[in-house]
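This report refers to the structure that appears directly beneath it.
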């Protein structure tokens, strides 16, 4: 009996020690599969989350597209009329008044192709910059991968490009450019540009989320990019007297590369850019698409947990 009485307090003390032992919250959370809601997921997990929400991305982009033109009488016809009217103005100014069309065969097709393709890049860039800062209420109310927003905006513009390309085919035929088997290559050209635009949009989304000043600078940036990409003039002809380094920078800029890619596919008479180091336009456009898409995705993901938190 004495031994039993002595062991009882010892057991009680052991129980007390167990109760006082600090709980390892991290181990407990891991055991039951709990994760911090504001923590940034791993890159692999983030990609999986986006894939699981692919239907939402498509539905959201369709809703955004319908909303854009819902308050106008002509509705989605504006998505074709706007770039066509821009092309008409540029043709009057640069083709007829300034005579930049001299020496360029099929100049109307050359110009309209440039306007349509550059508009896709420009709008993806502008909308990407506002995709996070303009949807803070949604971000704070719902838990989802924030990359959904800039990617959805690019898909909206891609849908518009598809319609524009149908119009472009008709326009190119109307001005006398013959149908060619190379027109089939417009599909991989559009896919490469979409990948590039997604990466560009993701980069601008992160910048726009941290600095609202970018929205004031973007009109200037895109206008300069427009003029340096050869939308309405044949670049090789006008830069040949510049230093070699500057020529290389200008012909390798993604705006000029993607415009040249489409023009080479659609217009038989088009003279391609003279690219350095024996490169061709498909190699350079593929490189831009891969580098920007992967780099832009990682750049955006690294700040995932901060979007919508000031």
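Numbering (the UniProt record's numbering), first residue to last: 1 to 310. A virtual CB, placed ideally from N, CA and C, is assigned to each residue, including glycine. None of these values were measured; they are calculated from a predicted model.
Can you list, in chain order, the residues of its chain with a C-beta nearer than 7 Å to that of residue i? Leave out the 5 residues immediately preceding and following it.
i: residue 231; result: 114, 115, 118 and 259
i: residue 269; result: 105 and 106
i: residue 265; result: 182, 183, 185, 186 and 189
i: residue 194; result: 154 and 158
i: residue 292; result: 196, 199 and 200
i: residue 136; result: 308
i: residue 235; result: 250, 251, 256 and 273
i: residue 100; result: 94, 232 and 233
When we look at the beta-carbon of residue i and count the other beta-carbons within 10 Å, is it buried (16 or more) or exposed?
i: residue 318; result: Given that the chain is displayed from residue 1 to residue 310, the structure contains no residue 318 and the question cannot be resolved.
i: residue 65; result: buried
i: residue 245; result: exposed
i: residue 145; result: buried
i: residue 103; result: exposed
i: residue 141; result: exposed
i: residue 132; result: buried
i: residue 227; result: exposed
i: residue 48; result: exposed
i: residue 161; result: buried
i: residue 165; result: buried
i: residue 163; result: exposed
i: residue 288; result: buried
i: residue 89; result: exposed
i: residue 276; result: exposed
i: residue 150; result: buried
Can you tell me the Cβ-Cβ gap for residue i and residue j, rounded? I've got them flagged as a contact below 8 Å.
i: residue 241; j: residue 124; result: That pair is no contact at about 33 Å.
i: residue 281; j: residue 257; result: 6 Å
i: residue 109; j: residue 153; result: Rounded, the Cβ-Cβ distance is 29 Å, inconsistent with contact.
i: residue 148; j: residue 57; result: 6 Å
i: residue 250; j: residue 239; result: 5 Å
i: residue 80; j: residue 167; result: 5 Å
i: residue 95; j: residue 84; result: No, residue 95 and residue 84 are not in contact; Cβ-Cβ is about 15 Å, not under 8 Å.
i: residue 128; j: residue 204; result: 4 Å
i: residue 218; j: residue 300; result: The Cβ separation is near 17 Å, so there is no contact.
i: residue 39; j: residue 305; result: 6 Å
i: residue 82; j: residue 192; result: Going by Cβ atoms, the distance from residue 82 to residue 192 rounds to 24 Å, so no, they are not a contact pair.
i: residue 206; j: residue 271; result: Going by Cβ atoms, the distance from residue 206 to residue 271 rounds to 38 Å, so no, they are not a contact pair.
i: residue 267; j: residue 177; result: 6 Å
Within a Cβ cutoff of 6 Å, which residues of the same chain sit near residue i, ignoring the five residues on either side of it in sequence?
i: residue 41; result: none
i: residue 247; result: 239
i: residue 122; result: 222
i: residue 255; result: 225 and 229
i: residue 16; result: For residue 16, the predicted model reports a pLDDT of 47, less than 50, meaning its position is unreliable; a value from the coordinates is still stated below. So no residue of the chain qualifies.
i: residue 337; result: The structure shown does not extend to residue 337, since the chain is modelled only from 1 to 310, so the question has no answer here.
i: residue 61; result: 152, 155 and 156
Which same chain residues, not among the five before or five after residue i, have their C-beta less than 8 Å away from its C-beta?
i: residue 179; result: 173
i: residue 290; result: 195
i: residue 43; result: 298 and 301
Entirely within the region 30-86 and at least 4 residues each: give me those alpha helix (DSSP H) ranges in chain order. 43-52 and 54-68
Which ranges would you report for the alpha helix (DSSP H) in the region 226-297 if only whole runs of at least 4 residues count? 235-238, 244-252 and 254-266
Ignoring anything shorter than 3 residues, give me the beta strand (DSSP E) runs that lie fully in the region 169-227, in order along the chain. none
Continuous alpha helix (DSSP H) assignments of at least 4 residues falling wholly in the region 93-124: none
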